[in-house]
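A quick write-up on the structure given underneath.
Protein chains: 2
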Amino acid sequence: MTISTDSSSTTTFRDVALAARDAAATLTTATRAEKDAALLLIADALEAKTADIVAANAIDIERARMNGTSEALVDRLTLTASRIAAIADAVRDVAKLPDPVGEVVRGYTLPNGLQVRQLRVPMGVVGMIYEARPNVTVDAAALALKSGNVALLRGSSSAFDSNTLLVNVMREALVASTVTPDAILLVPGTSHESVKELLTARGLVDVIIPRGGADLINSVVENSTVPVIETGVGNCHVYVDADADVAMAVQILLNSKTQRTSVCNAAESLLVHSDIAEEFLAAALPALQAAGVTVHGDEAFAVIARKFGVDVVPATDEDWAAEYYSLDIAAAVVDSIDAAIAHIRRWSTGHTEAIVSDSATAIATFAGEVDSAAIMVNASTRFTDGAEFGFGAEIGISTQKLHARGPMGLAELTTTKYIVSGDGHVRS
Amino acid sequence: MTISTDSSSTTTFRDVALAARDAAATLTTATRAEKDAALLLIADALEAKTADIVAANAIDIERARMNGTSEALVDRLTLTASRIAAIADAVRDVAKLPDPVGEVVRGYTLPNGLQVRQLRVPMGVVGMIYEARPNVTVDAAALALKSGNVALLRGSSSAFDSNTLLVNVMREALVASTVTPDAILLVPGTSHESVKELLTARGLVDVIIPRGGADLINSVVENSTVPVIETGVGNCHVYVDADADVAMAVQILLNSKTQRTSVCNAAESLLVHSDIAEEFLAAALPALQAAGVTVHGDEAFAVIARKFGVDVVPATDEDWAAEYYSLDIAAAVVDSIDAAIAHIRRWSTGHTEAIVSDSATAIATFAGEVDSAAIMVNASTRFTDGAEFGFGAEIGISTQKLHARGPMGLAELTTTKYIVSGDGHVRS
Numbered sequence: 392m393t394i395s396t397d398s399s400s401t402t403t404f405r406d407v408a409l410a411a412r413d414a415a416a417t418l419t420t421a422t423r424a425e426k427d428a429a430l431l432l433i434a435d436a437l438e439a440k441t442a443d444i445v446a447a448n449a450i451d452i453e454r455a456r457m458n459g460t461s462e463a464l465v466d467r468l469t470l471t472a473s474r475i476a477a478i479a480d481a482v483r484d485v486a487k488l489p490d491p492v493g494e495v496v497r498g499y500t501l502p503n504g505l506q507v508r509q510l511r512v513p514m515g516v517v518g519m520i521y522e523a524r525p526n527v528t529v530d531a532a533a534l535a536l537k538s539g540n541v542a543l544l545r546g547s548s549s550a551f552d553s554n555t556l557l558v559n560v561m562r563e564a565l566v567a568s569t570v571t572p573d574a575i576l577l578v579p580g581t582s583h584e585s586v587k588e589l590l591t592a593r594g595l596v597d598v599i600i601p602r603g604g605a606d607l608i609n610s611v612v613e614n615s616t617v618p619v620i621e622t623g624v625g626n627c628h629v630y631v632d633a634d635a636d637v638a639m640a641v642q643i644l645l646n647s648k649t650q651r652t653s654v655c656n657a658a659e660s661l662l663v664h665s666d667i668a669e670e671f672l673a674a675a676l677p678a679l680q681a682a683g684v685t686v687h688g689d690e691a692f693a694v695i696a697r698k699f700g701v702d703v704v705p706a707t708d709e710d711w712a713a714e715y716y717s718l719d720i721a722a723a724v725v726d727s728i729d730a731a732i733a734h735i736r737r738w739s740t741g742h743t744e745a746i747v748s749d750s751a752t753a754i755a756t757f758a759g760e761v762d763s764a765a766i767m768v769n770a771s772t773r774f775t776d777g778a779e780f781g782f783g784a785e786i787g788i789s790t791q792k793l794h795a796r797g798p799m800g801l802a803e804l805t806t807t808k809y810i811v812s813g814d815g816h817v818r819s
Numbered sequence: 392m393t394i395s396t397d398s399s400s401t402t403t404f405r406d407v408a409l410a411a412r413d414a415a416a417t418l419t420t421a422t423r424a425e426k427d428a429a430l431l432l433i434a435d436a437l438e439a440k441t442a443d444i445v446a447a448n449a450i451d452i453e454r455a456r457m458n459g460t461s462e463a464l465v466d467r468l469t470l471t472a473s474r475i476a477a478i479a480d481a482v483r484d485v486a487k488l489p490d491p492v493g494e495v496v497r498g499y500t501l502p503n504g505l506q507v508r509q510l511r512v513p514m515g516v517v518g519m520i521y522e523a524r525p526n527v528t529v530d531a532a533a534l535a536l537k538s539g540n541v542a543l544l545r546g547s548s549s550a551f552d553s554n555t556l557l558v559n560v561m562r563e564a565l566v567a568s569t570v571t572p573d574a575i576l577l578v579p580g581t582s583h584e585s586v587k588e589l590l591t592a593r594g595l596v597d598v599i600i601p602r603g604g605a606d607l608i609n610s611v612v613e614n615s616t617v618p619v620i621e622t623g624v625g626n627c628h629v630y631v632d633a634d635a636d637v638a639m640a641v642q643i644l645l646n647s648k649t650q651r652t653s654v655c656n657a658a659e660s661l662l663v664h665s666d667i668a669e670e671f672l673a674a675a676l677p678a679l680q681a682a683g684v685t686v687h688g689d690e691a692f693a694v695i696a697r698k699f700g701v702d703v704v705p706a707t708d709e710d711w712a713a714e715y716y717s718l719d720i721a722a723a724v725v726d727s728i729d730a731a732i733a734h735i736r737r738w739s740t741g742h743t744e745a746i747v748s749d750s751a752t753a754i755a756t757f758a759g760e761v762d763s764a765a766i767m768v769n770a771s772t773r774f775t776d777g778a779e780f781g782f783g784a785e786i787g788i789s790t791q792k793l794h795a796r797g798p799m800g801l802a803e804l805t806t807t808k809y810i811v812s813g814d815g816h817v818r819s
């Protein structure tokens, strides 16, 4: 069955999910050559249909402006010819990546002669629930296809016209390939009911990956009976140890906080060891001020800052928990590395924490005891990223412990299967 | 805080879960030597307290008999001196296994000089919900401890007295070790409310592993907001291909079905290619009859069986879905390997399917297209098992695709953490 995505049709969620399951059965054995050819057709089609995509996107933009959406959000929603070209190039880059399917994760022969191989295989149907940016529609579809999965997409209703056209362009491109168009499917409609149907499609959908703010992710986790991979909520800390190189610590703090503020791997909290606090703040405060950063400090931090003629905003518990996504930072002075670790244990979202120190003992303690997806040792928190890690692509950054933790590339979109070969082996 | 497990105390679930979190923070850096020493103390204590354990178990047995529990279930509930010795020996075996914590899963240096290492680390708090057998209490606690996790246990209320004493014996043993007694905790009480509290303890409990029948597992999946690993429901198929060695196929079928019937890796369904059906049934039917197996066959199967003077029970959809856990098997004749794969796609629980064939093409098709945790090629379904796979221990067999699929050993009780080391690296 090939599903119509014509918005005037009466396709139900169940129709789409069953089509996804059927497509998954064919996609699991697609070769790398077949998948790469399909991806290149998609990239070409996106560029060829640029005018249509921009026109559909204009409908979303007009609706957003009428709804009083902020210009920052409108910008995230906007597709231009150059952005579409970049999206198409990203699809071509995915085609160049190695195929994770078929990789032998473990392989050995048992004493009784049975040969055990654990292979990477596609998950099947990957449900994606995401906000505003329509480029995620193409990104997610390309990564799913490359890893042999069906992408079942539920974007923001604010990007409905853009997403519908993007999916239709990709599906039409697949008609000329050996991959079924049903490898890329949109959840029908924009109702909350359709999200609920996706979240409870256990047995039809193999995994759901939400991408967006904390509210979206919490709602998905609370309501889903399909396994979920939580992504991307980051209250990242920079800890400046007593044995830190002050100049290095200032550079890492500035980069972590200000290189890009609207991302999950930006630093939101600073912890400074009391032994180095005065020396560090003497250098850090002018740098933070020059960068336009507002500091929300605890009392100990405020006292030292005042010595340098700087007033900080008094920090509350809300600041310790905040993901500002702005030029704000919460800051505290701690009397020991243990106090820093305890603060992080209490307030972190488990994404990324950095330590700046030249003490091997302090580094080992911090890396061993802090329970987060990534620990940066004398490096910026901004490095927790699939591209920076050399994965070539990223479907999101997992902040949960099951299945995947940290940046997720193509391998994290696969599961495994054991193939055990014998010559008549039976158990005695 | 060290929690009292005195049943007369008013300890709440939240108290216990917070104690578990605190214990997890200390356990994450426990060395292998510390964990192994703790395990050996536990093993010794279990043997030393045999009389107390048998006495507590007698209360459970008496209650079970008063409730009219079947003798088969009473047997599963029963602890004897020799069973306790075997449980203690299993704990000593766990101590001998390699520690999964600290294993470097990936490690490389990026072009910019950043050193990336992905290490295995404990999950944290592992919630286990399980039925009848009190030996799981010790098994689960030992495997969790070895992998640096806190075991938060919720056994069957039918084994409450046994489980409470076993946990107390293990906790008392830990007092003499460097591992906190709170590494092993029992969910307080036997109410359904306490299960609900465990299932919704997101942020306090890192993963829940249910072990038991399909009803228990479904209930956990439906109601949990904590990530779950589904285990052990098995409707395993044996497919006898047109190119099968008939004698081998009979041996594998018999072993898969009858070597032990009450286990999840026993075969419940037989699919025979029509080209070989008469020849195969001529040999298989007498063997199945001799073993006391009742065949629930489709019409094509029944017609051939009748030629050999054997009447089969007509199969219904219930039979194709059944996990008999008994000397029954559903059986169908299929006209092609594709029909066999389609049948398995429709009815399998995704645990284990076997193919018997000498055709490399058929084997590749079956192994590639069947979407189950394990594919047995010319081997019994009974080999899907942590011990048989050489894992040394097994916490369960995952039938889901996320995190772990197939037999789960100690590695599957860990997550990973990235440690990225630089010398002042910032992003440009």
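Protein chains in written order, with the working numbering: chain A, 392 to 819; chain B, 392 to 819.
The C-beta atom is built at its ideal place from N, Cα and C for all residues, glycine as well.
Expected contact under 8 Å - CB spacing of aspartate 451/A and alanine 550/A to nearest Å: 5 Å
Methionine 457/A classed as buried or exposed, judged by whether at least 16 other C-beta atoms fall within 10 angstroms: exposed
Nearest residue (CA-CA) to glycine 498/A, options Val492/A, Ser548/A, Ala523/A and Val507/A: Val507/A
Cutoff 9 Å: glycine 604/B Cβ touching any chain A Cβ: no
Buried or exposed (CB count within 10 angstroms, at least 16 for buried), glutamine 680/A: exposed
The region 768-792 of chain A: positions lying closer than 7 Å to chain B by Cβ: Val768, Asn769, Ala770, Ser771, Arg773, Phe774, Phe780, Gly781, Gln791 and Lys792
Closest residue to alanine 638/A among Asn448/A, Val811/A, Ser812/A and Asn769/A (Cα-Cα distance): Asn769/A
Status (buried if at least 16 other CB within 10 Å, exposed otherwise) for alanine 429/A: buried
Partners in chain A for leucine 488/B, counting only beta-carbon separations shorter than 9 Å: Per Cβ cutoff of 9 Å: no residues; leucine 488/B is ~16 Å from chain A at best.
Spatial neighbours of serine 390/B in its chain, beta-carbon cut-off 6 Å, leaving aside the 5 residues before and after: No information on residue 390/B is available, as it lies outside the stretch 392 to 819 that chain B covers here.
Three-state class that DSSP yields for valine 482/B in the structure shown: helix
C-beta neighbour in chain B for methionine 519/A, strict 9 Å: no
Helix, strand or coil at lysine 808/B [DSSP, three-state]: strand
Distance between glycine 797/A and methionine 514/B (C-alpha atoms, nearest Å): 14 Å
Under 9 Å between C-beta atoms of arginine 511/B and threonine 806/B: yes
Spatial neighbours of asparagine 448/B in its chain, beta-carbon cut-off 6 Å, leaving aside the 5 residues before and after: Leu470 and Ser553
Secondary structure, beta strand (DSSP E): runs of 3+ residues fully inside the region 608-677 of chain B: 627-631 and 658-664
Residues that asparagine 646/A contacts on chain B, provided the C-beta gap is smaller than 8 Å: Val817 and Arg818
Short CB-CB distance (under 9 Å) between arginine 405/A and chain B: no
First through last residue of the beta strand (DSSP E) which encompasses asparagine 769/A: 765-770
C-alpha gap between alanine 784/B and leucine 534/B, whole angstroms: 8 Å
Neighbourhood of leucine 718/B by C-beta, 8 Å cutoff - its chain only, sequence neighbours within 5 removed: Lys648, Thr649, Thr652, Ala682, Gly683, Val684 and Thr685
Closer than 9 Å to chain A by CB, proline 618/B: yes
Contact set for threonine 419/B: own chain, Cβ-Cβ below 7 Å, skip 5 residues either direction: Val512, Pro513 and Gly539
Integer Cβ distance of leucine 577/B from threonine 571/B, believed to fall under 8 Å: Actually they are not in contact, since the Cβ atoms of leucine 577/B and threonine 571/B sit about 15 Å apart, beyond 8 Å.
Outcome for lysine 587/A when other beta-carbon atoms lying within 10 angstroms are tallied against a minimum of 16: exposed
Nearest neighbour of glycine 759/A, chosen from Arg454/B, Asn559/B, Gly603/B and Ile810/B [CA to CA]: Ile810/B
Serine 812/A at chain B interface by Cβ criterion, 9 Å: yes
Beta carbon of leucine 590/B nearer than 9 Å to that of valine 631/B: no
Backbone CA spacing between threonine 743/B and valine 465/B [nearest angstrom]: 29 Å
Rounded separation between glycine 625/A and lysine 792/A - CA only: 15 Å
Glycine 787/A versus Ile720/A, Asp530/A and Asn609/A, residue with shortest Cα-Cα distance: Asp530/A
Own chain partners of threonine 417/B with C-beta closer than 7 Å, once the 5 adjacent residues on each side are dropped: Thr571
Closer than 8 Å: serine 582/A CB and nearest the ligand HEM heavy atom: In the structure on display, the ligand HEM does not appear, and there are no ligands present to speak of.
Arginine 456/A, DSSP secondary structure in three states: helix
Where serine 473/B sits in the DSSP three-state scheme: helix
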